[in-house]
Amino acid sequence: MELFKMPTRTPRTRESKGFTLVELLVVIAMIAVLISLVIYAAGIFRQTSKGMTCLSNQRQMMLAWDGYATDNAGRYVAPDTNRHAWDWVRSVGNNLGPGNTEKIEALTEGRLFPYVGDVRLYRSPFDESDHVRTYSLSAFFTDGEGTSDWNGPPSWSIGTRSRIPKPSETISMVAEHDRRGHNINGWGINPYTPDWIDQLMIWDTGYFNFAFADGHVERYKWAGESYTDPDPIEVAFNDPNQLTNVYYPGPDWDWVSQRLFPGSVALYGDW
3 MELFKMPTRT PRTRESKGFT LVELLVVIAM IAVLISLVIY AAGIFRQTSK
53 GMTCLSNQRQ MMLAWDGYAT DNAGRYVAPD TNRHAWDWVR SVGNNLGPGN
103 TEKIEALTEG RLFPYVGDVR LYRSPFDESD HVRTYSLSAF FTDGEGTSDW
153 NGPPSWSIGT RSRIPKPSET ISMVAEHDRR GHNINGWGIN PYTPDWIDQL
203 MIWDTGYFNF AFADGHVERY KWAGESYTDP DPIEVAFNDP NQLTNVYYPG
253 PDWDWVSQRL FPGSVALYGD W
């Protein structure tokens, strides 16, 4: 008698299926895209952070600048960088190093430093040079270049708060790019012709940072183009043969020139 036998099953081995070459390439491409996005976002974050720090520095410098005026009957500290007791920075003698660059003492011996208290505030995080100072005060305040270098009348200069008709529209501090070693004296441009006596610091962010006499700060998106010059503004401002008095007419000069001393009949006439 035969016993009934259950059919036996041969166990089947499960095949493990791996990624195909195409799938691997797709995954690698996706990872590469994600990495590039992260790097791009990190770069934007760094630039934004630097921009905010630069504006914060200028804002704190304006608080010090205004504090000095409060303690001195409304009179502003001089924007020059000479040896006078009233100059905000003293970039002379032993306070200068190789290449006409400033030493820390140029800042700490300046009239404004007791109100600032931190040398780091004088320098923008965008500044890639070895300079200790990036910012300059407008030459149109007190005894700056606005009157002496351009043969302008004394009525051009702003000595006290009461002389400013429109403080919220009057530039008081900029990030300057003086290629003569350090930012010499106050910053200014010719108010009548598009001559940039002093150039602004050009950064790859596409913005100029300004502080105004009422204490607020602004980021101005520069046009970077001229009505007559085919070169962009960063090329004109870095011409090795033209360290000062760069002729560059355009919307940027238009915007800045209207904010040197707005409301001043002596400077602008009936503008």
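With our numbering as the guide, the letters of the sequence shown map in order to residues 3 to 273. Cβ coordinates follow ideal geometry from the N, Cα and C atoms, glycine included. Source: prediction; values computed, not measured.
Pull up the distance between the alpha-carbon of Tyr209 and that of Leu139, whole angstroms please. Linking Tyr209 to Leu139 through their CA atoms gives a straight-line distance of about 18 Å.
Residues in the same chain with beta-carbon distance under 7 Å from Thr172, minus the five sequence neighbours each way, listed in chain order, please. Taking Thr172 as the centre and dropping the five residues before and after it, the same chain places the C-beta of Ile166, Phe214, Ala215, Arg261, Phe263, Pro264 closer than 7 Å to its C-beta, in chain order.
Give me the DSSP bridge partner(s) of Asn211. BP columns for Asn211 point to Arg221.
6 Å Cβ shell around Val219 - same chain, five flanking residues per side excluded: Excluding positions up to five away in sequence, the list reads Leu57, Gln60, Arg61, Ala213.
Helix, strand or coil at Val248 according to DSSP, with G and I counted as helix: Here Val248 sits in strand by DSSP.
Quick check on this structure: which residue in Trp224, Val35, Val118 has the alpha carbon closest to the alpha carbon of Trp205? Looking at the Cα atoms, Trp224 is the closest of the given residues.
Quick check on the DSSP output: the beta strand (DSSP E) that includes Ala177 runs from which residue to which? 173-177 is the extent of the beta strand (DSSP E) around Ala177.
To the nearest angstrom, report how far apart Glu104 and Val24 are at their CA atoms. Answer to the nearest angstrom: the Cα atoms are 60 Å apart.
Beta-carbon proximity check, Pro193 vs Tyr229, cutoff 8 Å: Cβ atoms of Pro193 and Tyr229: not closer than 8 Å.
Quick one: give me the first and last residue of the beta strand (DSSP E) that Leu139 is part of. Leu139 -> beta strand (DSSP E) spans 137-139.
If I follow the unbroken alpha helix (DSSP H) through Phe115, where does it start and stop? Per DSSP, Phe115 is one residue of the alpha helix (DSSP H) stretching across 115-118.
Buried versus exposed, by CB contacts within 10 Å (16 or more), Asn102: Residue burial is scored here from C-beta neighbours: Asn102 has fewer than 16 other C-beta atoms within 10 angstroms and is therefore classed as exposed.
Within 10 Å of its beta-carbon, does Arg85 have 16 or more other beta-carbons around it, so buried, or fewer, so exposed? Exposed.
Reducing DSSP to helix, strand and coil, say where Ala80 ends up. If DSSP states are grouped into helix, strand and coil, Ala80 belongs with the strands.
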